[in-house]
Every structure is written in structure tokens, then in C-alpha cells.
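Engineer: Got a structure here, written out as C-alpha cells. Questions coming.
There are 2 protein chains.
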Amino acid sequence: MKLTVEDLVNIGRGAAFLGTGGGGDPYIGRMLATSAIQEFGMPEIIEPDQLDDDATVLTIAMLGAPTVLTEKAACGDDVDLAIKRMEEKLGRKADALIPIEIGGVNSMLPIMAAARLGIPLVDADGMGRAFPEIQMVTFNVYGVSCTPLAVTDDHLNALVIETGSAKRAEDLVRVSSIELGCSVIMSSYPMNGKQVKDYAVHGTMTLALEIGRAINRGRKEGDPVEALVDYLQTTPYYNQCKVIFDGKVTDLRRETTKGFSIGHCHLTALDGSGRTMEVAFQNEHLVARENGELRAIVPDLICMVDRETAEPIPVEALKYGQRIKVMGVSAAPIMRTPQSLEVFGPKAFGLGEEFVPIEDL
Amino acid sequence: MKLTVEDLVNIGRGAAFLGTGGGGDPYIGRMLATSAIQEFGMPEIIEPDQLDDDATVLTIAMLGAPTVLTEKAACGDDVDLAIKRMEEKLGRKADALIPIEIGGVNSMLPIMAAARLGIPLVDADGMGRAFPEIQMVTFNVYGVSCTPLAVTDDHLNALVIETGSAKRAEDLVRVSSIELGCSVIMSSYPMNGKQVKDYAVHGTMTLALEIGRAINRGRKEGDPVEALVDYLQTTPYYNQCKVIFDGKVTDLRRETTKGFSIGHCHLTALDGSGRTMEVAFQNEHLVARENGELRAIVPDLICMVDRETAEPIPVEALKYGQRIKVMGVSAAPIMRTPQSLEVFGPKAFGLGEEFVPIEDL
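As they're listed, the protein sequences go chains A and B. The numbering of the first sequence is the working numbering, which starts it at 5 and goes up by one. The numbering of the second sequence is the working numbering, which starts it at 5 and goes up by one.
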């Protein structure tokens, strides 16, 4: 598949939607990708099935607090350095890159990286959404080691980390990322082609593109949120979806702490009923409760969009008084297995509730 | 030079003295070295001048809070792994090891490492004492990069770090060490033989050995503290030395925080004069004030010894009621230059006083 620069706008918008509040600002992501494409050309996007079983595939991502990513973006050399350090450590060249997650920055940064390095990008990722911590990906759930991994920053500081556990790697990368200013580049989960085919969430780059296009279409035809819901219902993963709240932001608490954007957003219904919704987040939205009652919970997607334009609103752009539609969307089946729920279900975030699929709520 | 196992007791004791309260418990250090020597044989100790100018020399040390090192020692494989990761990164084998500092653990751990790896250990170090932070060594003062550096732990987690500044490396290693339990192995400051000859504090292993022997002699002959002072006056670096206080511990505050042992110790004079001394420490003793007046300050050495046996007392072994002689000892001349004072003089520790040599106090 060959993308156009126009596609980037739609991918960025769709990915920001799937980023469920996290994954970084799509504007920043698009700027990074566009400038790399202008200099190095558009990279090839390939399906997982096009990979040789023994191909070397690396993830590439920005990691940190989205509030900081906005001000401290990648410089390019940091991306090259992260891949180079991984290749040195592995003793072989990367044949392709893959996003670790889908989000405004983290679906675009891999495009930037693939363009710079002249290698293809795989149309897939490790969650079909965004999550805040390194161990929270299908690759880890199904036994791929996240290390060796490389962390770099725009001063070309570099760390190569090897651990026996993804959680240990997360802890080390997190404290290092804080020390380096809460925004770093990370390449991790070195995989072969077979592992990507078996454990990745396939086609998510294309899905992000089509989500962006559906929102666009809706804006021309009438109701973009309706167009978005209609399209999602035709997808393989996100077909269980509904608008769970229509309200305005009446309270917002957001702290950049422990290397994350952590907080909650309260909304009050626009229909005058006095109903309220609380959405809690750690970079990404974790749980939505209406008057204390569960409405959607991780790993299902909780997405906030502008109620008129369906523009996805990242956590760092939330503002008092914003009018928002909150959507609950089913996660990919591979994300809802008991093994997956152990790694990124409600308990992994310290939530008291059990996971209940959005279609049962 | 070939050491005997008996020498280890004396080196450990002498190094604990030069460790100025830090550098780890000599008992732990000696156990580590002895068991490695039993398995692998005693390593050769060489003078810096025996190194080829282009020889590859690496430091090896334990890093963390001394209070924790006592309970979480090295396993051996962690030492091997740190050197291996450095060799991989540098693309060449280590020809020799060198202690980064002199201290109860950090003069012994290099013996253990050299024994395990079958390579010589250089009779020198980067400060002729102990200091709490990575940048606080002559190697850094005179322009040797502390990275690439490798950090490992007993679970064989490993990090290889590259930075443009030793302080940045310190910050990254410190947070990583805290994450790994406040006790890790670090190999850093890859040097060539010429750099070791030019910038190391020479002969400090031998000096530690002779200090230990002098204390021993004093115990047989009468006054070990006197014997210690007499010997120090004959050395090239430590010849300005005096007992600056003779008292008992009347207050002690010691916290394991930010990856260090931080606190202060108050002593009251035994002569009934009511005079008091405060000694502040960050792993190592930093400043001694008598009734508020400066008596000794970094980088000069402030050493606490048992007033009867001259046994050096590390910070983690300080106890209420202990009877202690506090000594002030001159640091090596290379440690007192303006460039050195910028890196580990009083200001580097947030102290208000200027450095005043012990002989002028």
C-alpha cells in the first residue's frame, strides 16, 4: 500500500480516535511524518503476511507524558539512533518497523522512522489502541520479550536495556524517561515475521485511515459522529460501539506525574437531566462511570470526540466547558482474552471493577 | 604485586578508612573477594606504569546505598555481565580493571572481578577516597567520558548507557539503581593506559593495605589511632592529618533516600568540655563542624574510627553511644585543584563553605 500525504491527516485523526485520549497529539505526529516524507519519500506500508517468517521487525514509538510530547518532539537523529542501537545489539538489520500502538503520535512516528530508514512499515500494531505502559501489548501477552530495547532522546543520550520481565523494563524506561524530560524515543519488542503475523493486531493503520475518512465524509454529509459509528460497525474489531454520553466538561483534573498524564474528567449531560459521567485516565482513558455506574472499561476503548465535528480530543487538549460525545468501542478479540486481561485489564490499572464487554453494558 | 588472602583484611580495613564512611562494608567486600579468589585464584595487581598506553582499562564498582549493599551483594555473574556488555559495546576486550574509588566494598569488588575475569587490577583509583556520585572522579574532571557504561544486577538485568555528560549519566544510573533495589554493579569510564597513568590517583590499593597494617601494628603495640596517624604522615597524599574530635555519638539521623544514605551524626566530647561536633554525610562524610565552626570539608577526608581499636566505622554502622575519634585527612593534590573542586568541592554537595585544606584549619 502506498499512502499519500493527504492520507496522513486521516490516519492521524483516526489514530487519535483509537488512541482513546492518549498516544499523543496527531498534529505533532503529522508534522513529524510529513517532514520526514518530504526529505526521504513515503515509506511502503505492508501487510503482516508480506513479511518473511524470519524477518527482523522492531517497534518504534515515542514514550512519555503526552502533555510533554507536544513540546518536546523527536528530532529524527534520535529515531535513527534507537534503531541503530537495536540493530547493533541484535547483530542484524531491521527488515521492517511496526507501531507498538495506534495513537496520534505513535502511528505517525513509525511512518517518519520507516521513511528515514528506507524500510517498510507493517500495517498492524500491538494493541489496536493506545496504552500507557510497555508491558501492555499483545506481544508481551503472548511471550515476546520486550528487550533488548533502546531508549534515546534528542540530545542523543541512549540506553540499551535487557531484562527478564516487561514490567521491570517498563519501570526502568519510565524512570529514565522522566530523567530525560518525560519524552523519549523507544525501540523495543524485536520480533520475527512469524511473531508479528501471530500476535499483532492486523490492519490497524488502514483502519485508522478509514476512520479518519469516515469522520471527513460525515462532516460533508451531515453528522460526523453518526458516520463514525456507522463505519466502526463494519470493522473487524470495533463493531460494538455506541455513544455512551453527550455532555460538557464540568471538572477536569490532570497532573503530569510519575511520567504520565494522570487524572479524571467530569461531564454533565446536555439534555438537562443532571446525569454526570466521570472518565479516569492514565495517558489513556481507563473507565467511564455514569452516576457511579460502569459504562465502559479497559481494554475496551473509551473515546472522546467533539460532539459537532467528531474530532478526537486527546487528554492534554481537554478543557472546561468542551462539548463532547463519549464513545465506548470494543477492543480487538485478542485484547479481551483472559491472558490479555491479566496484563491490561482493569486490575492492571488498580480499578476495582471486572472487565465487562461494552456490548453487555 | 601478588596479594595474600591475609592482605585482604588489611586492604579492607584501610580502604574502609579511606572510604570516609562510605564505599560499603569491608566485611561484605572481603567475603566477595575471598570467595572469588578461592574459585579463580588471586589476580595480579599492577602499577599504572605497567599498562600499555593503548591498553583498555575499565572501572568496576558496586553502586547504591551502603545500607542496602550490606543485604544485597553482588552474585558474580552480574560483575561478569557488566564487563561483557562494556566489551561488546567497545568492540574490544578489557586488558585490566581499576577501582573507581577506594572503599570497603569498592576496593574489594574489583579484586573479585579481576579474579573472575583473569585480568590484572591496577593499583590506583579515581579519587583516593570514596564519593557518592559517578561524576565525582578525577577521570571526569580531566575529560574522560564516563560512558558507555554498563549497569547490571543480580537478576542479570542490564543497561548500557551513553550520554554526553557524567552528571546526566549519574542521574540515569541513580534512578535505575533505585528501580533495581538500590544496589547494582557498574562498569564505566573506559580508558586507555595513558589516561590511567595521567589521571588516576596512583598506588591507593597499596596505601589501603599499609593503612590496614599500621592499624594492626598499633593494636599490638599500644595506640592504634596514633600508629595510624604516624603512618599517614609518611604517605604521599594523606600526610596532613589529625584527630579533630574525640567524642561519643549523641544523635544520629540516617535515611536511605534518593538512592543514598543521607544524614548527620552528632558527637559530644568525652573530656567533659561540652563541645559538640556535627558530621553531615551523603554516603560519605562531607563536612565536620565543631560548635558550628568548620573543622574539615570535602574533598579532604573525614574519617571516623573506634577510639580504642581505630576500626573505621562506615556510616551504616554508626550507633548511638559509640565512642569515636574523628580524623581530618588531606586529599591527594589532584583532588584539590580548582577543576576538581568544581566537580566535588563543597558546592557540588550544596554546602555553603568554601574548601579550606585541613592543614589550614
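No residue lacks a Cβ here, since even glycine has one placed at the ideal position from N, Cα and C. Note that this is a predicted model, so its numbers are computed, not measured.
Between Met190 of chain A and Leu67 of chain A, how many whole angstroms is the CB-CB distance? I'm expecting something under 8 Å.
Structural biologist: Here residue 190 of chain A is taken as the residue at index 186 of the first sequence, counted from 1. Here residue 67 of chain A is taken as the residue at index 63 of the first sequence, counted from 1. That pair is a contact at about 5 Å.
Engineer: How about Ile362 of chain A: is its Cβ closer than 6 Å to a heavy atom in the ligand SAM?
Structural biologist: As far as ligands go, the structure on display features none, and thus does not contain the ligand SAM.
Engineer: Please go through the same chain and pick out, in chain order, the residues whose beta-carbon is closer than 8 Å to the beta-carbon of Thr280 of chain B, but skip the five residues on each side of it.
Structural biologist: Position 276 of the second sequence holds residue 280 of chain B. Around Thr280 of chain B: Gly251, Thr254, His270, Leu271, Thr272, Ala273, Glu294, Asn295.
Engineer: Cβ of Val188 of chain A less than 7 Å from any chain B Cβ?
Structural biologist: If you number the first sequence from 1, residue 188 of chain A lands on position 184. Not one chain B Cβ lies under 7 Å of Val188 of chain A.
Engineer: Does the structure place the segment 133-142 of chain A close enough to the segment 168-177 of chain A that three or more beta carbon pairs sit under 8 Å?
Structural biologist: At 8 Å Cβ cutoff, the stretches touch.
Engineer: Could you compute how far the alpha carbon of Val145 of chain B sits from the alpha carbon of Leu62 of chain A?
Structural biologist: Within the second sequence, the letter at position 141 stands for residue 145 of chain B. Within the first sequence, the letter at position 58 stands for residue 62 of chain A. Rounded to whole angstroms, Val145 of chain B to Leu62 of chain A spans 39 Å at the Cα level.
Engineer: Considering just the uninterrupted stretch of the beta strand (DSSP E) at Val188 of chain B, what are its terminal residues?
Structural biologist: To locate residue 188 of chain B, count along the second sequence from 1; it is residue 184. It spans 187-191 - the beta strand (DSSP E) in which Val188 of chain B sits, taken as one unbroken run.
Engineer: Does the segment 180-188 of chain A come into contact with the segment 226-245 of chain A, if we say contact requires no fewer than three beta-carbon pairs (one atom in each stretch) closer than 8 Å?
Structural biologist: With a cut-off of 8 Å, the segment 226-245 of chain A and the segment 180-188 of chain A do not count as touching, because too few Cβ pairs lie within range.
Engineer: How many Å lie between Ala69 of chain B and Lys201 of chain A at the Cα?
Structural biologist: Walking along the second sequence from the start, residue 69 of chain B turns up at place 65. Walking along the first sequence from the start, residue 201 of chain A turns up at place 197. Between Ala69 of chain B and Lys201 of chain A, the C-alpha separation is close to 46 Å.
Engineer: Report the rounded CA-to-CA distance for Thr370 of chain B versus Asp29 of chain B, giving the unit in angstroms.
Structural biologist: Only positions 5 to 365 of chain B appear in the structure, and residue 370 of chain B is not among them; the question remains open.
Engineer: Could you tell me whether the segment 15-33 of chain A touches the segment 202-215 of chain A, where touching means 3 or more Cβ pairs closer than 8 Å?
Structural biologist: In short, these stretches touch, since the Cβ pair count reaches three.
Engineer: To the nearest angstrom, how far is it from the Cα of Asp82 of chain B to the Cα of Asp157 of chain B?
Structural biologist: By 1-based counting over the second sequence, the position of residue 82 of chain B is 78. By 1-based counting over the second sequence, the position of residue 157 of chain B is 153. Cα to Cα, Asp82 of chain B sits roughly 5 Å from Asp157 of chain B.
Engineer: By a C-beta neighbour count over all protein chains shown, 10 Å radius and 16 as the cutoff for buried, is Glu288 of chain A buried or exposed?
Structural biologist: Within the first sequence, numbered from 1, the residue matching residue 288 of chain A stands at position 284. The residue in question, Glu288 of chain A, is buried, as its Cβ has 16 or more Cβ neighbours within 10 Å.
Engineer: Expressed to the nearest angstrom, what Euclidean distance is found between the alpha-carbon atoms of Gly213 of chain B and Gly107 of chain B?
Structural biologist: Position 209 of the second sequence, counted from the first residue, corresponds to residue 213 of chain B. Position 103 of the second sequence, counted from the first residue, corresponds to residue 107 of chain B. Contrary to the premise, residue 213 of chain B reads as Leu rather than Gly in this sequence. Spanning the two alpha carbons is a distance of roughly 12 Å.
Engineer: List the residues of chain A whose Cβ lies closer than 7 Å to the Cβ of Arg172 of chain B, in chain order.
Structural biologist: As a position in the second sequence, residue 172 of chain B is number 168, starting the count at 1. Here the neighbours are Asn161.
Engineer: Under the three-state reduction of DSSP, which class applies to Asp81 of chain B: helix, strand or coil?
Structural biologist: For the purposes of this step, residue 81 of chain B is taken as residue 77 along the second sequence, with counting starting at 1. Helix at Asp81 of chain B.
Engineer: Counting pairs of Cβ atoms below 8 Å between the segment 116-129 of chain B and the segment 26-43 of chain B, do you hit three or more?
Structural biologist: Yes, they touch.
Engineer: Scan the segment 128-192 of chain B and note each continuous alpha helix (DSSP H) run of 4 residues or more that stays entirely inside, going in chain order.
Structural biologist: Taking only runs of at least 4 residues, the alpha helix (DSSP H) segments lying wholly in the segment 128-192 of chain B are 142-145, 170-183.
Engineer: Tell me which residues share the same chain as Ser192 of chain A and place their Cβ nearer than 6 Å to its Cβ, disregarding the 5 neighbours each side in the sequence.
Structural biologist: Counting from one through the first sequence, the residue named residue 192 of chain A turns up at place 188. Only Thr63, Cys150, Leu153 meet the Cβ criterion.
Engineer: So, do the segment 325-339 of chain A and the segment 232-245 of chain A have three or more beta carbon pairs nearer to each other than 8 Å?
Structural biologist: Contact between the segment 325-339 of chain A and the segment 232-245 of chain A is present, because at least three Cβ pairs lie under 8 Å.
Engineer: With a threshold of 7 Å between beta carbons, is Val148 of chain A in contact with chain B?
Structural biologist: Locating residue 148 of chain A in the first sequence gives position 144, where the first residue counts as 1. Cβ-Cβ to chain B under 7 Å: no for Val148 of chain A.
Engineer: How big is the Cα-Cα spacing for Gly267 of chain A and Glu282 of chain A?
Structural biologist: The sequence position of residue 267 of chain A within the first sequence is 263, counting from 1. The sequence position of residue 282 of chain A within the first sequence is 278, counting from 1. Roughly 10 Å separates the two Cα atoms.
Engineer: Closest to Ile49 of chain A by C-alpha separation, out of A:Glu174, A:Asp11, A:Gly26, would be which residue?
Structural biologist: In the first sequence, residue 49 of chain A corresponds to position 45, counting from 1. With distances taken between Cα atoms, Ile49 of chain A lies closest to A:Asp11.
Engineer: Using a Cβ-Cβ cut-off of less than 9 Å, give me the residues of the segment 191-203 of chain A that come near chain B, in sequence order.
Structural biologist: Answer set for the segment 191-203 of chain A: empty.
Engineer: Measuring CB to CB, does Asp3 of chain B end up less than 7 Å from Ile362 of chain B?
Structural biologist: Absent from the structure is residue 3 of chain B, since the part of chain B shown begins at 5 and ends at 365.
Engineer: Short of 6 Å in beta carbon distance, which residues of its chain neighbour Gln286 of chain B, apart from the five on each side in sequence? Order them along the chain.
Structural biologist: Numbered from 1 along the second sequence, position 282 holds the residue referred to as residue 286 of chain B. Hits under 6 Å: Pro136, Phe264, Ile266.
Engineer: Give a yes or no on whether 7 Å exceeds the smallest Cβ distance from Asp82 of chain A to chain B.
Structural biologist: Looking up residue 82 of chain A in the first sequence gives position 78. Cβ-Cβ to chain B under 7 Å: no for Asp82 of chain A.
Engineer: Three-state secondary structure (DSSP) at Ile317 of chain A?
Structural biologist: Translated into positions along the first sequence, residue 317 of chain A becomes position 313. Correct three-state label for Ile317 of chain A: coil.
Engineer: Could you give the distance in angstroms between the alpha-carbon of Gln54 of chain B and the alpha-carbon of Gln199 of chain B?
Structural biologist: Sequence index remark: in the second sequence, residue 54 of chain B carries index 50 (1-based). Sequence index remark: in the second sequence, residue 199 of chain B carries index 195 (1-based). Taking the straight line joining both Cα atoms gives about 13 Å.
Engineer: Would you tell me roughly how many angstroms separate the C-alpha atoms of Cys79 of chain A and Ala86 of chain A, rounded to the nearest one?
Structural biologist: On the first sequence, position 75 is the one that residue 79 of chain A refers to. On the first sequence, position 82 is the one that residue 86 of chain A refers to. Straight-line Cα distance between these residues: approximately 12 Å.
Engineer: I need the straight-line Cα distance from Asn417 of chain B to Lys323 of chain B, nearest angstrom please.
Structural biologist: Any question about residue 417 of chain B goes unanswered here, given that chain B covers just 5 to 365.
Engineer: Taking a Cβ distance cut-off of 9 Å, strictly less, list which residues of the segment 261-273 of chain A are near chain B, in chain order.
Structural biologist: So the list is empty, because no residue satisfies the distance condition.
Engineer: Give the DSSP-derived three-state secondary structure of Ile123 of chain B in the structure shown.
Structural biologist: The count along the second sequence starts at 1 and reaches residue 123 of chain B at position 119. Coil.
Engineer: With DSSP collapsed to three states, give me the class of Leu73 of chain B.
Structural biologist: Along the second sequence, one-based indexing puts residue 73 of chain B at 69. Correct three-state label for Leu73 of chain B: helix.
Engineer: Using a Cβ-Cβ cut-off of 8 Å (strictly less than) and excluding sequence neighbours within five positions of Ala162 of chain A, which residues of its own chain qualify?
Structural biologist: As a working note, residue 162 of chain A is residue 158 in the first sequence. Taken in chain order, the residues that qualify are Leu85, Ala86, Arg89, Ala154, Val155, Thr156.
Engineer: In chain order, what residues of the same chain lie with their CB nearer than 6 Å to the CB of Leu290 of chain A, ignoring the 5 residues before and after it?
Structural biologist: Locating residue 290 of chain A in the first sequence gives position 286, counting from the first residue. The residues are Ala284, Val302, Phe353.
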